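Trainee: This is the structure, below, for whatever I ask next.
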Amino acid sequence: MHDLVYDLALSISKFETLILHEDLGGDINHIRHLLIQFDAKIVPRMPFLKGQLTCLQTFPCFTVGQHAGHRIEELGPLNQLRGQLSIRSLEHVRDKKEARGANLVEKDKIYKLRFYWSKEREGNGDNDEEVLEGLQPHQYLKSLTIQNYQGKKFPSWMLTSSIARDGFSLFDNLIEIILSGCSECEVLPTLGLLPCLKVLEISDMDNLRCIDTEFYSNYNDGSYKNVLFPALKRLILWRLPNLVEWKDATESTETGMVFPCLEELIIELCNQLESAPCHFPSLKKLNIFQTCSRPFENICSKLTTLVSLSISNILELASLPEQLLQNNCSLNDLKIQSCANLESISPHENVFCTSLRSLKIKNCTELSYLLHNLISLEELIVVRCPNLKSFPSIEIQDVASFLQRLEISECGVEALPTGLQLCTSLQELKIEGCPNLISIADLGEELHSLTELRIYNCPNLILIADLLELRSLKNLGIFDCPKLTGLSEGLLDCLTHLKSLEIGGYFEVLDAFPSLNSIQHSHDSLEILYLHGWSKLNSLPDKIQHFISLKYLYIYEFDGMEVLPEWLGNLSSLQYLSLNSCKNLMKLPTAQAMRCLRLEKLEIWCCPKLNECCAKGSGPEWYKIAHIPDVDIN
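For reference, each letter of the sequence shown is one residue, going 1423 to 2056 in the working numbering.
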């Protein structure tokens, strides 16, 4: 019982002040765990430590203050601390001597150390270099974070000694380094000799213009022959707005002695970058966002192990480097976004990319054709590529058997890919916003796996061929196609597994919903129904009554409808009703019909007349809905 008291953990969540009561007496010295959850919106006032709590083992966050009991030297006696320690508001530390008072070099049970200066602090950080110099940690540290440091150079304890030719012993155990917001630093520390470093993140360093050869080692005479960055697996360069040059390691590039284990490279928001190394022998994942094309081409020039590639906003990129697709036989995930000059994925149409399983292309306005021979493709998504007029045909059964998802959105296509009916594994087909699409041919009888079909916002679509054989459909949406005149007769009677249906917004001369009027039997699988009206409709289709399992009903833009029908009360399973943009709707069904429903929520939006009639307490329709738990009227 006595030990249990000593192991008591004081836990404070989002409180500004912790008070250690005086009546704790001498027992305060035996507290081992003190947890304070840091909230960025609150600058917590730290407890007065007063040199006590010498048995403390867990104290993950200390915020430095300017008054006695809150200064950094309060950490000095706490040599039993272990695990992780974040020290915040380091701008309140006056100099190197005061920083040394934290005695971090003796706290060898701490494996993760984070140093934070406040981003919005007063002053210009004149003493940051002194302070960080005094915060030297012990040699067993595994993770180091430095954030918002405003010194011009990093401390001497981060620099590799020119004498220690086998590496710098202080960081022999370091696995992770994060340098963020060090905006005054112009040079990175030498990190290539760290034997265990696996993760390196560098971000928000505004004055960094060049990653020089000293980043790898300080032996530029060729005398150092060991591997550089021997264990690094993940490297992130993020938001370095003035970085122009990233040099290769001069003595190791040709011998394969740099980045031998690097698997993931992320470069984002480095707009000025013009060059990059070309030696990444084990790279599997490459993400590049908002840079010039030259560093991307440099990095790709010798890659052979790539599995995933994501690029976005690459200036002046007309196509991917030819050798990239030819040399990386394991590439299975390719994502290209917002490359304004991209005309094709490869400079040659006959390039084989047999391993590719997922291809996503978005916002490439000049893209005019896709790759052929994508024989293993499982997912194809093309969005906002208005210059893309056609897709490669699908002619071989073995090729088609892999495709599971196809999405074509806001493209210039005039027809769906030829041979789409051969895609027997296709589960999801989505066509949106294609103004040149006039008709959709027969999808055939082989799409047994198709569970979701959505076709919408196609202003010139006139005809959709027979859908009666798509008997596995669970989600069907065909709406906002103002020239569409009809759907397959008896469609809903055939789709017995349908769970969600969204239809409407068709040719304005129609006075009824296509396919709904032909329903002959009760439909016990449909649970969600979206209805989009048009100006000529003055009532809901009464066949909705057959949807006996309907739980969610959404009604949009029935401008000609003034009254909801009484038979709505037959939908005894209905839990959610949404009425949106029905500008002439004034009345609900009777109170008796409304009580037959199981409504938990009623939503009335942009229906000005009904809004007024359903005003709480005063509207003439309010009494019909007063019993509903959640009524949302906008």
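Here a beta-carbon is modelled for each residue, glycine too, at the ideal position from N, C-alpha and C.
These figures come from a predicted structure and were not determined experimentally.
(1) Can you tell me whether Phe1637 is helix, strand or coil according to DSSP?
(2) Helix, strand or coil for Phe1593 per DSSP?
(3) Quick check on the burial criterion: 16 or more other C-beta atoms within 10 angstroms. Buried or exposed for Tyr2045?
(4) What is the DSSP secondary structure of Gln1694, reduced to helix, strand or coil?
(5) Looking at C-beta atoms only, is the number of pairs between the stretch 1560-1579 and the stretch 1483-1503 that lie closer than 8 Å three or more?
(6) Give me the residue from Leu1932, Gln1745, Ala1740 and Leu1781 with the minimum Cα distance to Ser1790.
(7) Look up Cys1833 in the DSSP assignment and say whether it is helix, strand or coil.
(8) Which stretch, first to last residue, makes up the beta strand (DSSP E) that contains Gly1414?
(9) With a threshold of 16 other CB atoms inside 10 Å of the CB of Trp1989, please say whether the residue is buried or exposed.
(10) Can you tell me which of Ile1597, Ser1812, Cys1761 and Ala2048 puts its alpha carbon nearest to the alpha carbon of Glu1623?
(11) When we look at the beta-carbon of Asn2056 and count the other beta-carbons within 10 Å, is it buried (16 or more) or exposed?
(12) In its own chain, which residues sit with a C-beta less than 6 Å from the C-beta of Glu1738, not counting the 5 before and 5 after it?
(13) If you run the structure through DSSP and keep just helix, strand and coil, what is Phe1484?
(14) Going by DSSP, what residues sit across from Thr1713 in a beta bridge?
(15) Would you tell me roughly how many angstroms separate the C-alpha atoms of Pro2042 and Ile1970, rounded to the nearest one?
(16) Can you find the residues in the same chain that come closer than 6 Å, C-beta to C-beta, to Asp2054, ignoring five residues on each side of it along the sequence?
(17) Answer with buried or exposed for Glu1636, where buried requires no fewer than 16 other C-beta atoms within 10 angstroms of its C-beta.
(18) Should Ser1781 and Leu1793 be called a contact, given that it needs their Cβ atoms to be closer than 9 Å?
(19) Cα separation between Asn1795 and Glu1606?
(20) So, Leu1890 versus Gly1912, is the Cβ gap smaller than 9 Å?
(21) Secondary structure at Cys1880, three-state DSSP: helix, strand or coil?
(22) In its own chain, which residues sit with a C-beta less than 7 Å from the C-beta of Cys2036, not counting the 5 before and 5 after it?
(23) Where DSSP assigns a beta bridge to Leu1566, which residues make up the other side?
(24) Helix, strand or coil: which one does DSSP assign to Val1515?
(25) Starting from Asp1550 and walking both ways along the alpha helix (DSSP H), at which residues does that stretch end?
(26) Do the CB positions of Lys1574 and Glu1544 come within less than 9 Å of each other?
(27) Roughly how many angstroms lie between the CA atoms of Cys1477 and Arg1454, to the nearest whole one?
(28) Tell me, to the nearest whole angstrom, how far the beta carbon of Gly1523 is from that of Ile1494; I am working on the premise that it is less than 8 Å.
(29) Between the Cα of Tyr1998 and the Cα atoms of Leu2007, Tyr1974, Ile1767 and Asn2006, which residue gives the shortest distance?
(30) If you draw a straight line from the alpha carbon of Cys1761 to that of Ser1734, how long is it in whole angstroms?
(31) Relative to the C-alpha of Glu1608, which candidate in Phe1593, Leu1665, Phe1651 and Ile1600 has its C-alpha closest?
(32) Please check the pair Leu1691 and Gln1712, which I expect to be a contact at CB under 8 Å, by giving their CB distance rounded to whole angstroms.
(33) For Glu1788 and Pro1743, I'd like the C-alpha separation in whole angstroms.
(34) Distance check for Asn1897 and Phe1651, CA to CA, integer angstroms please.
(35) Return the chain-ordered list of same chain residues with a C-beta closer than 7 Å to the C-beta of Cys1722, the five sequence neighbours on each side being excluded.
(36) How many Å lie between Lys1914 and Ser2000 at the Cα?
Mentor: Reading off the structure:
(1) The answer is helix: DSSP assigns Phe1637 an H, G or I state.
(2) Phe1593 falls in the helix class under three-state DSSP.
(3) Counting Cβ neighbours within 10 Å, Tyr2045 comes out exposed, since fewer than 16 surround it.
(4) Secondary structure of Gln1694 (DSSP, three-state): coil.
(5) The stretch 1560-1579 vs the stretch 1483-1503: no contact.
(6) The candidate whose alpha carbon is nearest that of Ser1790 is Ala1740.
(7) Cys1833 falls in the strand class under three-state DSSP.
(8) Summary: the structure shown does not reach residue 1414, with the chain confined to residues 1423 through 2056, and so no result is reported for it.
(9) With fewer than 16 other Cβ atoms within 10 Å, it is exposed.
(10) The shortest CA-to-CA distance from Glu1623 to any of Ile1597, Ser1812, Cys1761 and Ala2048 is the one to Ile1597.
(11) If you draw a 10 Å sphere on the C-beta of Asn2056, you find fewer than 16 other C-beta atoms in it, and that means exposed.
(12) Answer for Glu1738: Ser1715 and Asn1763, listed in chain order.
(13) In the structure shown, the three-state DSSP call for Phe1484 is strand.
(14) The partner list for Thr1713 (beta bridge, DSSP) reads Ile1736.
(15) Straight-line measurement puts the Cα of Ile1970 at about 30 Å from the Cα of Pro2042.
(16) Excluding sequence neighbours, Asp2054 sits near Glu2025.
(17) Burial call: buried.
(18) The sequence as given places Leu at residue 1781; Ser does not occur at that position. Taking 9 Å as the Cβ cut-off, Leu1781 and Leu1793 qualify as a contacting pair.
(19) Approximately 50 Å, taken between the alpha carbons.
(20) A Cβ-Cβ contact shorter than 9 Å links Leu1890 with Gly1912.
(21) Looking at Cys1880 - three-state DSSP - the assignment turns out to be coil, as it is neither helix nor strand.
(22) Here Cys2036 has Ile2026, Glu2043, Trp2044, Ile2047 and Ile2055 as same chain residues with Cβ atoms under 7 Å from its own Cβ, once five neighbours each way along the sequence are excluded.
(23) Answer by DSSP bridge pairing, in chain order: Leu1535 and Ile1599.
(24) It is coil, neither helix nor strand.
(25) First-last of the alpha helix (DSSP H) with Asp1550: Asp1550 to Gly1556.
(26) When the beta-carbon positions are compared, Lys1574 and Glu1544 stay at least 9 Å from each other.
(27) In this structure, the alpha-carbon of Cys1477 lies about 6 Å from that of Arg1454.
(28) Between Gly1523 and Ile1494, the beta carbon gap of about 6 Å places them in contact (Cβ cut-off 8 Å).
(29) Out of Leu2007, Tyr1974, Ile1767 and Asn2006, the CA that lies nearest to the CA of Tyr1998 is found in Tyr1974.
(30) The alpha-carbon atoms of Cys1761 and Ser1734 are separated by roughly 6 Å.
(31) In this structure, Leu1665 is the residue among Phe1593, Leu1665, Phe1651 and Ile1600 with its C-alpha nearest to the C-alpha of Glu1608.
(32) Leu1691 to Gln1712, Cβ: 5 Å. Contact.
(33) Rounded to the nearest angstrom, the two C-alpha atoms are 17 Å apart.
(34) Each residue's alpha carbon lies about 51 Å from the other.
(35) Exclusion of the five residues before and after Cys1722 leaves Pro1743 and Leu1746 as the residues of its chain whose Cβ lies within less than 7 Å of its Cβ.
(36) The residue asked about is misnamed: residue 1914 is Leu in this sequence, not Lys. For Leu1914 and Ser2000, the distance between alpha carbons rounds to 22 Å.
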